[in-house]
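For any residue, its number in this note's numbering is found by taking its place in the sequence shown, counting from 1, and adding 164.
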Amino acid sequence: MVGSAYRKACLGVPAALVLLGGVEQALAAGFQLREQSSEGLGNAFAGSAAKAYNLSTIFYNPAGMTRLQGNQVGGSTTWIAPVAKFSGQATRNGATISGGMGGDGIDDAAVGATYMFWDYAQDLKFGLAFTAPFGLRSNYDHDWVGRYINRKSSITNLNLSPSVAYRINDKLSIGGAVQIGYASATLSQAIDFSGIPAFLGGPRSDGLGTVNGNDWGIGGDIGFLYELSPTTRIGVNWRSQISYKLSGTAKFEVPSGLPAVLAASPSLRFANASAEFTSPDTVAIGLYHELTPQWAFVADVDWTNWSTFKEIRIQYADGRADKVTPMNWHDTWFFSAGLIYKVDDRQSIQIGAAYDQSATDDEDRTAGIPETSRLWLAGGYSYNLGPNQSLSLGYAHLFAEKAPIDQTVVSGTTTYTLTGEYEGHVDIFSASFVMKF
Numbered sequence: 165m166v167g168s169a170y171r172k173a174c175l176g177v178p179a180a181l182v183l184l185g186g187v188e189q190a191l192a193a194g195f196q197l198r199e200q201s202s203e204g205l206g207n208a209f210a211g212s213a214a215k216a217y218n219l220s221t222i223f224y225n226p227a228g229m230t231r232l233q234g235n236q237v238g239g240s241t242t243w244i245a246p247v248a249k250f251s252g253q254a255t256r257n258g259a260t261i262s263g264g265m266g267g268d269g270i271d272d273a274a275v276g277a278t279y280m281f282w283d284y285a286q287d288l289k290f291g292l293a294f295t296a297p298f299g300l301r302s303n304y305d306h307d308w309v310g311r312y313i314n315r316k317s318s319i320t321n322l323n324l325s326p327s328v329a330y331r332i333n334d335k336l337s338i339g340g341a342v343q344i345g346y347a348s349a350t351l352s353q354a355i356d357f358s359g360i361p362a363f364l365g366g367p368r369s370d371g372l373g374t375v376n377g378n379d380w381g382i383g384g385d386i387g388f389l390y391e392l393s394p395t396t397r398i399g400v401n402w403r404s405q406i407s408y409k410l411s412g413t414a415k416f417e418v419p420s421g422l423p424a425v426l427a428a429s430p431s432l433r434f435a436n437a438s439a440e441f442t443s444p445d446t447v448a449i450g451l452y453h454e455l456t457p458q459w460a461f462v463a464d465v466d467w468t469n470w471s472t473f474k475e476i477r478i479q480y481a482d483g484r485a486d487k488v489t490p491m492n493w494h495d496t497w498f499f500s501a502g503l504i505y506k507v508d509d510r511q512s513i514q515i516g517a518a519y520d521q522s523a524t525d526d527e528d529r530t531a532g533i534p535e536t537s538r539l540w541l542a543g544g545y546s547y548n549l550g551p552n553q554s555l556s557l558g559y560a561h562l563f564a565e566k567a568p569i570d571q572t573v574v575s576g577t578t579t580y581t582l583t584g585e586y587e588g589h590v591d592i593f594s595a596s597f598v599m600k601f
């Protein structure tokens, strides 16, 4: 009996060993963080590639630095509060798994951006940006029905970008940057020991597998700003892919009372694994147009090359077979438009709306990233505290479409299936401060 149970339990362990595949998936399809500017948030990031009047242009389009004057430093802090509620069920070989709905599966998170600008000469400018282009924090309750598919995810992607911009003539400016990227990921899922006679199933009989991985990568971006007139300009920016090889370790926790012969299984020992990850390249086209001395119209169209993710291939240091997971993601579009109202020389108000397309279809959605298309509504306020200090506040509410899920994970002779639907929304709050000297 113990021997049979041993085989069944060990067949469930490979699912935990391939957790790094989930890490990769979360980082690639996860939440692309546009929130690098509080003022930009107020416009739902409409016109970000063309505004070129604050420090965030270092990130959105470095060519816009030619319009900045005076040495400056600044930064923003953004609080992202997503809600993702699951309703449905999970099964093990067709039998219902006991547990709850997981609570709010996506954690709140703070995102920061820091900028430095050097006004070297009239036509030559330098900048430095420290941002977080991607990020995710998911955390389901320990007893949720989908715990054998996903339990926790933590994705961090940091980017340091030294930039330069040059004004070619009174109409055209060009800019570029080197991207120095760092990616780190942690993911965990429950290990199913319900096949052991001493265990009756449920969270108390679960183990836990956790994988950590990280790497550095290099990329770049290039931007152009064309000023059609003193009141109208168009910006175009391309950010390159960045390749990472996430190398990590797999560790396992087992429930108390597990037979020693199982706890000592090679399948539950420390393991090394790696997975290649290439962040997608993006293209942004922005418009800034002053309708009157007080009103300006802004718009953006952004494309993200998610279709480069055909599969995830996990390689193991101990020589076991690669684990290949089809991705099936597609390119996405982000459309935004907004208005800026200049109250006076010190104050301005921003409003905006956007449509943010999901990178995944219903049949490919996962519990680690229950993302879907979103509608943005946003507003903001900017105030010049003095000739050398300014403050911006921004808020956005994202209406998320309902997200059906039908995810299946096969581990040996056991098939886990999660079916149901996610409903959610996101609230975003942001504040920034800039100082000139």
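Just so it is clear, CB atoms sit at the ideal spot from N, CA and C, and this is done for glycine as well.
Just so it is clear, the structure is predicted and the values come from calculations on it, not from any experiment.
Simplified DSSP assignment, three categories, for residue i
| i | result |
| --- | --- |
| residue 229 | helix |
| residue 470 | helix |
| residue 205 | helix |
| residue 217 | coil |
| residue 461 | strand |
| residue 325 | strand |
| residue 272 | coil |
| residue 344 | strand |
| residue 537 | coil |
| residue 527 | helix |
| residue 546 | strand |
| residue 357 | coil |
| residue 189 | The predicted position of residue 189 is uncertain, since its pLDDT is 34 and thus under 50; a value taken from the coordinates is nonetheless stated next. Here residue 189 sits in helix by DSSP. |
| residue 369 | helix |
| residue 332 | coil |
| residue 279 | strand |
| residue 313 | coil |
| residue 223 | helix |
| residue 447 | strand |
Rounded straight-line distance, which links the Cα of residue j to that of residue i
| i | j | result |
| --- | --- | --- |
| residue 475 | residue 576 | 21 Å |
| residue 434 | residue 477 | 20 Å |
| residue 192 | residue 241 | Any reading at residue 192 must be qualified, since the residue scores a pLDDT of 29, below 50, and its modelled position is unreliable; the value itself is stated next. The straight-line gap from Cα to Cα measures roughly 23 Å. |
| residue 536 | residue 439 | 25 Å |
| residue 194 | residue 344 | Reliability fails at residue 194, whose pLDDT of 48 lies under 50, so the model's placement of it is uncertain and no value is given. |
| residue 226 | residue 329 | 6 Å |
| residue 404 | residue 444 | 7 Å |
| residue 356 | residue 312 | 7 Å |
| residue 230 | residue 497 | 28 Å |
| residue 600 | residue 393 | 27 Å |
| residue 196 | residue 374 | 24 Å |
| residue 267 | residue 308 | 8 Å |
| residue 324 | residue 348 | 15 Å |
| residue 182 | residue 342 | Low per-residue confidence applies at residue 182: pLDDT is 37, beneath 50, and the placement is therefore not dependable enough to give any value. |
| residue 412 | residue 560 | 36 Å |
| residue 220 | residue 314 | 35 Å |
| residue 303 | residue 236 | 38 Å |
| residue 486 | residue 437 | 10 Å |
| residue 441 | residue 256 | 31 Å |
| residue 285 | residue 217 | 17 Å |
| residue 186 | residue 283 | Note that residue 186 has pLDDT 37, beneath the 50 cutoff, so the model's placement of it is unreliable and no number is given. |
| residue 464 | residue 391 | 16 Å |
Residue from the options whose Cα sits closest to the Cα of residue i
| i | options | result |
| --- | --- | --- |
| residue 305 | 207, 271, 479 | 271 |
| residue 249 | 586, 286, 199, 534 | 586 |
| residue 450 | 548, 204, 521, 583 | 204 |
| residue 406 | 393, 418, 396, 446 | 446 |
| residue 319 | 533, 336, 247 | 533 |
| residue 573 | 589, 244, 490, 597 | 490 |
| residue 466 | 521, 323, 481 | 521 |
| residue 462 | 296, 199, 208 | 208 |
| residue 246 | 472, 410, 348, 301 | 301 |
| residue 388 | 335, 523, 550 | 335 |
| residue 274 | 298, 244, 281, 295 | 244 |
| residue 547 | 514, 279, 391 | 514 |
| residue 384 | 579, 222, 200, 578 | 222 |
Those residues which DSSP pairs with residue i across a bridge
| i | result |
| --- | --- |
| residue 591 | 245, 561 |
| residue 256 | 259, 580 |
| residue 521 | Answer is none; residue 521 lacks a bridge partner. |
| residue 397 | 391, 452 |
| residue 378 | 348, 411 |
| residue 501 | 463, 517 |
Check whether residue i and residue j have beta carbons under 8 Å apart
| i | j | result |
| --- | --- | --- |
| residue 210 | residue 400 | no |
| residue 558 | residue 202 | yes |
| residue 263 | residue 516 | no |
| residue 494 | residue 470 | yes |
| residue 501 | residue 224 | no |
| residue 370 | residue 354 | yes |
| residue 239 | residue 296 | no |
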